[in-house]
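First comes the structure, then the notes that go with it.
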Amino acid sequence: MISSIIFTVLLVATAVIFIRRIAEIKGNINLGRDLDLSDNPSERWKTMARVALGQSKMVARPLAGFMHILIYVGFVLINIEILEIIIDGVFGTHRLFYGLIGSDLYYVLIGSFELLAFLVLVACVVFLIRRNIGKLKRFSGTEMTKWPKSDANIILIVECFLMLALLTMNAADSVLFMMKDTWVMQAGLDHYAGIEFPDSFWVSAYLTGFMPDDPMTLFYIERTCWWIHITGILGFLIYVPYSKHFHIFLAFPNTYYSKLQPSGEFNNLESVKKEVEMMMDPNVDPFAAPAPDAGDVAPQRFGAKDVTDLSWKNLMDAYSCTECGRCTSECPANQTGKLLSPRKIMMDTRDRLEELGKHKRANGSESEDGKSLLGDYVSSEELWACTTCNACTQACPVNIDPLSIIVDLRRFLVMEESAAPAELNGMFTNIENNGAPWQFAQADRLNWKDEA
Amino acid sequence: MESLQIKTMAEMMAASEEPEVLFWVGCMGSFDDRAKKITKAFAKILNKANVKFAVLGAEESCTGDPAKRAGNEFLFQMQAFANIQVLDGYNVKRIVTACPHCFNTLKNEYPELGGNYEVIHHTQFLQSLLNEGRITVEGGTFKGKKITFHDPCYLGRANGVYEAPREVLSKLDSELTEMKRCKQSGLCCGAGGAQMFKEAEKGNKEVNIERTEDALEVKPDIIAVGCPFCNTMMTDGVKHFNKENEIEVKDIAELIAEAADL
Numbered sequence: 000m001i002s003s004i005i006f007t008v009l010l011v012a013t014a015v016i017f018i019r020r021i022a023e024i025k026g027n028i029n030l031g032r033d034l035d036l037s038d039n040p041s042e043r044w045k046t047m048a049r050v051a052l053g054q055s056k057m058v059a060r061p062l063a064g065f066m067h068i069l070i071y072v073g074f075v076l077i078n079i080e081i082l083e084i085i086i087d088g089v090f091g092t093h094r095l096f097y098g099l100i101g102s103d104l105y106y107v108l109i110g111s112f113e114l115l116a117f118l119v120l121v122a123c124v125v126f127l128i129r130r131n132i133g134k135l136k137r138f139s140g141t142e143m144t145k146w147p148k149s150d151a152n153i154i155l156i157v158e159c160f161l162m163l164a165l166l167t168m169n170a171a172d173s174v175l176f177m178m179k180d181t182w183v184m185q186a187g188l189d190h191y192a193g194i195e196f197p198d199s200f201w202v203s204a205y206l207t208g209f210m211p212d213d214p215m216t217l218f219y220i221e222r223t224c225w226w227i228h229i230t231g232i233l234g235f236l237i238y239v240p241y242s243k244h245f246h247i248f249l250a251f252p253n254t255y256y257s258k259l260q261p262s263g264e265f266n267n268l269e270s271v272k273k274e275v276e277m278m279m280d281p282n283v284d285p286f287a288a289p290a291p292d293a294g295d296v297a298p299q300r301f302g303a304k305d306v307t308d309l310s311w312k313n314l315m316d317a318y319s320c321t322e323c324g325r326c327t328s329e330c331p332a333n334q335t336g337k338l339l340s341p342r343k344i345m346m347d348t349r350d351r352l353e354e355l356g357k358h359k360r361a362n363g364s365e366s367e368d369g370k371s372l373l374g375d376y377v378s379s380e381e382l383w384a385c386t387t388c389n390a391c392t393q394a395c396p397v398n399i400d401p402l403s404i405i406v407d408l409r410r411f412l413v414m415e416e417s418a419a420p421a422e423l424n425g426m427f428t429n430i431e432n433n434g435a436p437w438q439f440a441q442a443d444r445l446n447w448k449d450e451a
Numbered sequence: 000m001e002s003l004q005i006k007t008m009a010e011m012m013a014a015s016e017e018p019e020v021l022f023w024v025g026c027m028g029s030f031d032d033r034a035k036k037i038t039k040a041f042a043k044i045l046n047k048a049n050v051k052f053a054v055l056g057a058e059e060s061c062t063g064d065p066a067k068r069a070g071n072e073f074l075f076q077m078q079a080f081a082n083i084q085v086l087d088g089y090n091v092k093r094i095v096t097a098c099p100h101c102f103n104t105l106k107n108e109y110p111e112l113g114g115n116y117e118v119i120h121h122t123q124f125l126q127s128l129l130n131e132g133r134i135t136v137e138g139g140t141f142k143g144k145k146i147t148f149h150d151p152c153y154l155g156r157a158n159g160v161y162e163a164p165r166e167v168l169s170k171l172d173s174e175l176t177e178m179k180r181c182k183q184s185g186l187c188c189g190a191g192g193a194q195m196f197k198e199a200e201k202g203n204k205e206v207n208i209e210r211t212e213d214a215l216e217v218k219p220d221i222i223a224v225g226c227p228f229c230n231t232m233m234t235d236g237v238k239h240f241n242k243e244n245e246i247e248v249k250d251i252a253e254l255i256a257e258a259a260d261l
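Protein chains in written order, with numbering that gives the first Met the number 0: chain A, 0 to 451; chain B, 0 to 261.
This is the structure in structure tokens:
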């Protein structure tokens, strides 16, 4: 009874903390500019099914992709058992689903969960070895400072403990089931009455040999593991939205809102369109009174200086990033030793957004903190190293688009600050003056026809 | 050498003729000495195939691609606005271009600004000319030669065109070998995103050297390209390794023109 109350309190507290954090993240994402992505729902669902549910881009790297699928499938399916654990926890029952689905099916169900748990354990160990001993280049890099490294290890280690707790719990339990007619009843563990299995469970069977004979000790082992497992999972739920591991939730909406256009297509800035029409279109009246419903809105910046100049999708991208570094390892600039790392762009965007969101929650939504993404986080040298080749967007397993942020920051540098590299300013001037990026006369464009 | 028979849109219109397709030459194709050879090769193929085509000539102007990639949206939209005026003035419906950057910009970024055309990359156009039998190539010229194709980012990843250039190359009766990074995972030549017009940022290597190493690994006789910018970068890369006497860097249009004995 007491344990039911403690459990319910923990559960509710976790839910409250989790929901508050989600609201915080949602508020942060909404600091971005509006962008209508309500088009093509069917194509969007398909993209989500293929990329997030089907993990289609993960398997571009077969080993990591396969291991990730093990953890992913394990995570999703073991949740069914977590449902049982939660119900058991609240109502003080024991293995409630046994009564609902019958002995045989339950035995198979638990057996398959154990198999998955074992595979997850193996995958986590492999990942830990790869990450810490394997010296993979993409797990280092300037942005992979202390916290991102620990973040990755914390989750993997916690997952190992969760799986070990699950298996030990089942081992202890199955030994108790076997002896229930004699010892268990005497020890007063009558909730084991009426539960019968043909044998030990598939994986935890290998642990039963290590179990003690005393039913009370077994009972305490089972209970301890049960509590470790469930509090571990609740702790995980609180931790995840502060971590790169938030991708387990955001991968789905983020792929749903993927860019559907060809990746070479960059958006045409609406704000610029109006100005250009005013300049070039003789039919536009530059002195026309603004439309009555236009309101008194301050003109937007051209391009982006800070996270609030980016679209909400850019910001959702930032929270979806799990810092795997595939973008950076495919980036031609990064491969050739330039400062640019698309992963750093995404991490910087998220860190800056977190900082700004915190500031605004503390000081009011109109308050500014005097910092910005460009300058305080991302340098122009990084931005000017980009070849816009789309290798990063192709590599991202959850369709994050670092390129769109890079271009928006460049736009601010060029159009608001006139801070393009000198050679590029020369190129602009040439295009303006003679319609080509070099100093050739437009009249000479057809000279090739008569040249030998 | 006699000059090529090339008509401009203005000449066509004066003769009240309408071309089957507009050949958008692009700035590289108009002014760069190396790229002009690609332009000529492609024009010869078009003439040979009896394609009724025209160019804009002095009325053509930069699509604005390098300005847009560099962040100068103003300049890009001004160029687009002016180009759309010209294209619509001639009632252009189909455009073929040998530059993937022009291709991407005209095809994807002009429609929203009011310019709607069917835009085709020259490798796709060559593919249909070959498939329809409007041109034929003798396999002999390249028999036994090893060719590797470098995917231009703005044709491949940016627009998903991977097969057309390969299918065209397959007609050459040569040995087509893929680099270890190809198609979706092809490495950039280093010229995109307006890098062509500036010094590279500080690093420990040039991107085109990295890419040329990929190409050298498969020991090709010819590195085939489909973009004038990639052509420059790969040619420089090959020279860097002093291999210019063993390995040629050629556009697909040049290879087809050669095979068709033009």
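In this text, a Cβ means the ideal position worked out from N, Cα and C, and glycines have one as well.
Treat the numbers as computed from the prediction; the structure is a model and nothing was measured.
Give a yes or no on whether 8 Å exceeds the smallest Cβ distance from residue i to chain A.
| i | result |
| --- | --- |
| residue 171(B) | no |
| residue 65(B) | yes |
| residue 157(B) | yes |
| residue 161(B) | no |
| residue 181(B) | no |
| residue 57(B) | yes |
| residue 143(B) | no |
| residue 131(B) | no |
| residue 197(B) | yes |
Identify the contact partners of residue i in chain A, using a Cβ-Cβ distance below 9 Å as the criterion.
| i | result |
| --- | --- |
| residue 107(B) | 260, 261, 263, 264, 265 |
From the beta carbon of residue i, is the nearest beta carbon of chain B less than 8 Å away?
| i | result |
| --- | --- |
| residue 337(A) | yes |
| residue 50(A) | no |
| residue 441(A) | yes |
| residue 444(A) | yes |
| residue 309(A) | no |
| residue 344(A) | no |
If the cut is a Cβ gap below 9 Å, which residues of chain B does residue i touch?
| i | result |
| --- | --- |
| residue 224(A) | The premise fails here: residue 224(A) is roughly 45 Å from chain B at the closest Cβ pair, so nothing lies under 9 Å. |
Could you give the distance in angstroms between the alpha-carbon of residue i and the alpha-carbon of residue j?
| i | j | result |
| --- | --- | --- |
| residue 96(B) | residue 23(B) | 5 Å |
| residue 109(B) | residue 324(A) | 33 Å |
| residue 78(B) | residue 362(A) | 44 Å |
| residue 205(A) | residue 55(A) | 35 Å |
| residue 171(A) | residue 222(A) | 9 Å |
| residue 16(A) | residue 237(A) | 7 Å |
| residue 64(B) | residue 75(B) | 7 Å |
| residue 170(B) | residue 156(A) | 56 Å |
| residue 127(B) | residue 383(A) | 38 Å |
| residue 0(B) | residue 16(B) | Since pLDDT at residue 0(B) reaches only 48, below the 50 mark, its modelled position is unreliable, and no value is offered. |
| residue 231(B) | residue 103(B) | 19 Å |
| residue 101(A) | residue 191(A) | 15 Å |
Interface residues of chain A around residue i at Cβ under 7 Å?
| i | result |
| --- | --- |
| residue 194(B) | 386 |
| residue 113(B) | Within 7 Å Cβ-Cβ: nothing; residue 113(B) doesn't reach chain A, min ~10 Å. |
| residue 204(B) | 335, 336 |
| residue 152(B) | 388, 389 |
| residue 186(B) | 331 |
| residue 295(B) | Residue 295(B) is absent from the model: chain B starts at 0 and stops at 261. |
| residue 191(B) | 386, 387, 388 |
In chain A, which residues lie less than 8 Å from residue i when you measure between Cβ atoms?
| i | result |
| --- | --- |
| residue 116(B) | Near residue 116(B) there are no residues of chain A at all, since even the closest Cβ is about 15 Å away, more than 8 Å. |
| residue 5(B) | 445, 448 |
| residue 275(B) | Limits of chain B in this structure are 0 at one end and 261 at the other, which puts residue 275(B) out of reach. |
| residue 69(B) | 409, 413, 419, 423, 426, 427 |
Going along chain B in order, which residues have a C-beta closer than 8 Å to the C-beta of residue i?
| i | result |
| --- | --- |
| residue 298(A) | Result: empty, since nearest Cβ-Cβ is about 14 Å, beyond 8 Å. |
| residue 272(A) | 76, 112 |
| residue 452(A) | Because residue 452(A) is not part of the residues shown, which for chain A are 0 to 451, the question remains open. |
| residue 365(A) | Under the 8 Å cutoff, chain B gives no residues; its nearest Cβ is about 28 Å from residue 365(A). |
What residues of chain B sit near residue i, judged by a beta carbon separation below 7 Å?
| i | result |
| --- | --- |
| residue 377(A) | Those do not exist, as residue 377(A) stays about 13 Å from chain B at its closest Cβ, beyond 7 Å. |
| residue 431(A) | 74 |
### Segments of 3+ residues assigned as beta strand (DSSP E) that fall wholly inside the region 195 to 260 of chain B
List check, beta strand (DSSP E) in window: 221 to 224, 247 to 250.
### Task
Mind checking the region 88 to 105 of chain B against chain A and listing, in chain order, the residues whose C-beta falls within less than 7 Å of any C-beta there?
The region 88 to 105 of chain B vs chain A, Cβ under 7 Å: 103.
### Query
Can you list, in chain order, the residues of the region 386 to 419 of chain A whose Cβ is nearer than 7 Å to any Cβ on chain B?
The residues in question are 386, 387, 388, 389, 390, 393, 406, 409, 410, 412, 413, 414, 419.
### Task
Go through the region 255 to 317 of chain A residue by residue and report every complete run of the alpha helix (DSSP H) that reaches 4 residues or more, in order.
Scanning the region 255 to 317 of chain A for uninterrupted alpha helix (DSSP H) segments of 4 residues or longer gives 269 to 279, listed from N- to C-terminal end.
### Query
In chain order, which continuous runs of the alpha helix (DSSP H) of length 4 or greater are located wholly inside the region 340 to 411 of chain A?
Under the rule that a run must span 4 or more residues, the alpha helix (DSSP H) segments found entirely inside the region 340 to 411 of chain A read 341 to 362, 372 to 375, 379 to 383, 390 to 394, 401 to 410.
### Query
What residue ranges within the region 194 to 224 of chain A form continuous beta strand (DSSP E) runs of no fewer than 3 residues, ordered along the chain?
Here no run is fully enclosed.
#### Entry: 4 or more residues per run - each alpha helix (DSSP H) lying fully within the region 70 to 146 of chain A
Taken in chain order, the unbroken stretches of alpha helix (DSSP H) that lie wholly in the region 70 to 146 of chain A and span 4 residues or more are 95 to 100, 102 to 131.
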